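Taking this note's numbering, the leading residue of the first sequence gets 264, the next gets one more, and so forth.
For glycine and all other residues, C-beta sits at the position ideal for the given N, C-alpha and C.
As the structure is a computational prediction, the values presented were derived from the model and not from experiment.
Step one of this worksheet: look at the structure below.
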Amino acid sequence: MPELPEVEGVVRSLAPAASGRTIRDIAVSDTVIQSKSEAKEAILKNISAEEFAERMRGMTITDVTRRSKYIYFHLEKNGETFLLVSHLGMSGAWFAVNDIDEVKEEKFRRHIHVIFGMEDGGLLAFADIRRFGELRLIGEESDHPPLLAMAPEPFDESAAGHFLSLCRTAKYAGKPIKETIMDGKVISGCGNIYATEALFRTGIHPVRKTGRISMERLERLFAEIRQVLGEAIEAGGSSISDYRNINGEAGGMQNRLRMYGRKGCPDCGAETKRVTIAGRTSVYCPKCQH
DNA sequence: TACTGATCCCGGTTGC
DNA sequence: TGCAACCGGGATCAG
Numbered sequence: 264m265p266e267l268p269e270v271e272g273v274v275r276s277l278a279p280a281a282s283g284r285t286i287r288d289i290a291v292s293d294t295v296i297q298s299k300s301e302a303k304e305a306i307l308k309n310i311s312a313e314e315f316a317e318r319m320r321g322m323t324i325t326d327v328t329r330r331s332k333y334i335y336f337h338l339e340k341n342g343e344t345f346l347l348v349s350h351l352g353m354s355g356a357w358f359a360v361n362d363i364d365e366v367k368e369e370k371f372r373r374h375i376h377v378i379f380g381m382e383d384g385g386l387l388a389f390a391d392i393r394r395f396g397e398l399r400l401i402g403e404e405s406d407h408p409p410l411l412a413m414a415p416e417p418f419d420e421s422a423a424g425h426f427l428s429l430c431r432t433a434k435y436a437g438k439p440i441k442e443t444i445m446d447g448k449v450i451s452g453c454g455n456i457y458a459t460e461a462l463f464r465t466g467i468h469p470v471r472k473t474g475r476i477s478m479e480r481l482e483r484l485f486a487e488i489r490q491v492l493g494e495a496i497e498a499g500g501s502s503i504s505d506y507r508n509i510n511g512e513a514g515g516m517q518n519r520l521r522m523y524g525r526k527g528c529p530d531c532g533a534e535t536k537r538v539t540i541a542g543r544t545s546v547y548c549p550k551c552q553h
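As C-alpha cells, then:
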C-alpha cells in the first residue's frame, strides 16, 4: 500500500525519467475500456478512454512532483499547461521501460492498464492490480476541489500548527486519534502503516479521543509522524504487498516497522491487539499505548 | 450548510 | 482443491 514515502520514491525516480519527454500515443487496456463502457470510473476519471488518448497525445511532460499521496505530471501542449494527477490506490505502480517485457513481475505486467508511448520510443506504463488507482486529467489543481482541501505537506512549516489547531475543533476532538491523523485534510500522506507506527512510538492508544490528548503529546505525535515518514523515504518506502518503484524494486522500510503487522510488542513482549477504526484495522500494544 | 454513512472502484489473500 | 468472505484510499452522493 503506497503512502507518502512510497509515492515520494516513485516521484524521485519518475521526475528525471519522464521530464522533457513528449507523448506520442496512448494505449488503454481492454479491461479498462470494458469497464468504462459499463459506465464505471475504473482508473480513468471523468473521461472516456478515447478522449483521454486524444487529449494526451502530443503532451510534453515538463516535471513530475508529489502532493500528499498524489503524483502530479505537469504537462504542456501548444502553449497550454495541464495536470495529470495520478493516485496509486492500493496497488498502482509506474514503470519506465523500453518494452513491456521489462516489467519482470507477472502480477504487475498482466495488470498494465495505460501505456504512454513516447516520441523517443520509450514507454511509461501504469499498472494497477486492483484498479483502485486513478488518472485524472485537469487544467490545474482548482479544477478538482478535493486537491485544494488537502492538509499542508507534513514537512512544511505550517503543517504542525494546522494539525494542532484542527485537533481542538469540535469536528475532530471527539474522533479517535488514529482517524484524525489518517484524515488527509488534517495531515497529508499519513496512511495506516505510518499512523500505526507513530502512535506506537509515542505510546498513544489509537482509540483515544483526539480532544483528550494534551497539546504536548500531540506535538510529540506530529514530530514522530514526520520522523517516521522521513525514515521511510530514506529506506525507499515500505513494500507491504504491492509497492514497487519504477524499476520494479521493493522498499526496505517494512523490516523496520515495529508495530504494523506485528503479533507481539517489540518493547514489552505483550500480545498486540487489533481494533477497527473508521473501517481500517489498527494494531497496538495494550500495555505500552494509553 | 455541514456532516455522516453507504456505495463504488477490484483481485489477491485468507479461512473454511 | 474450491470458493466465499474480507480488505481498503478516496470520490461521490443521498439523507
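{"query": "Residues bridged to Leu347 [DSSP beta-bridge criterion]", "result": "Phe336, Leu400"}
{"query": "Where Pro381 sits in the DSSP three-state scheme", "result": "It should be pointed out that residue 381 corresponds to Met in this sequence rather than to Pro. In this structure, Met381 counts as strand in the three-state DSSP scheme."}
{"query": "Sheet register partners of Lys536 (DSSP bridge)", "result": "Tyr547"}
{"query": "Cβ neighbours of Ala305 in the same chain (closer than 6 Å, five flanking residues each side left out)", "result": "Val295, Ser298, Arg394"}
{"query": "Pro268 and Ala495 closer than 7 Å at C-beta", "result": "yes"}
{"query": "Backbone CA spacing between Lys536 and Ile456 [nearest angstrom]", "result": "15 Å"}
{"query": "Cβ distance (whole Å) where Lys332 is taken to contact His350 below 8 Å", "result": "6 Å"}
{"query": "DSSP three-state assignment for Arg393, whether helix, strand or coil", "result": "coil"}
{"query": "As assigned by DSSP and simplified to three states, the class of Leu484", "result": "helix"}
{"query": "Rounded C-alpha distance that separates Thr539 from Val546", "result": "9 Å"}
{"query": "Phe463: first and last residue of the uninterrupted alpha helix (DSSP H) it sits in", "result": "455-465"}
{"query": "Environment of Lys434 [buried if 16+ CB atoms lie within 10 Å]", "result": "exposed"}
{"query": "Neighbour-count burial assignment, Met522, 16 or more Cβ in a 10 Å radius", "result": "buried"}
{"query": "Where Ser418 falls, given that 16 or more other Cβ within 10 Å makes a residue buried", "result": "Per the sequence shown, residue 418 should be read as Phe rather than Ser. Exposed is the call here."}
{"query": "The stretch 354-361 touching the stretch 463-479, judged by at least three CB pairs closer than 8 Å", "result": "no"}
{"query": "Nearest-angstrom Cβ-Cβ length linking Phe426 and Phe485, presumed shorter than 8 Å", "result": "5 Å"}
{"query": "Option in Glu416, Asn508, His553, Lys550 with minimal Cα separation from Gly493", "result": "Glu416"}
{"query": "Alpha-carbon spacing of Arg483 relative to Gly499, whole angstroms", "result": "24 Å"}
{"query": "Burial state of Ala359 (16 or more Cβ within 10 Å)", "result": "buried"}
{"query": "Met381 vs Arg318 beta-carbon contact at 7 Å", "result": "no"}
{"query": "Outcome for Asn518 when other beta-carbon atoms lying within 10 angstroms are tallied against a minimum of 16", "result": "exposed"}
{"query": "Beta-carbon contacts of Ala436 that lie in its chain and below 6 Å, excluding the five residues immediately before and after", "result": "Thr473, Gly474"}
{"query": "Assigned exposure category for Ser300 - 16 Cβ within 10 Å defines buried", "result": "exposed"}
{"query": "Simplified DSSP state of Ala305, which is helix, strand or coil", "result": "coil"}
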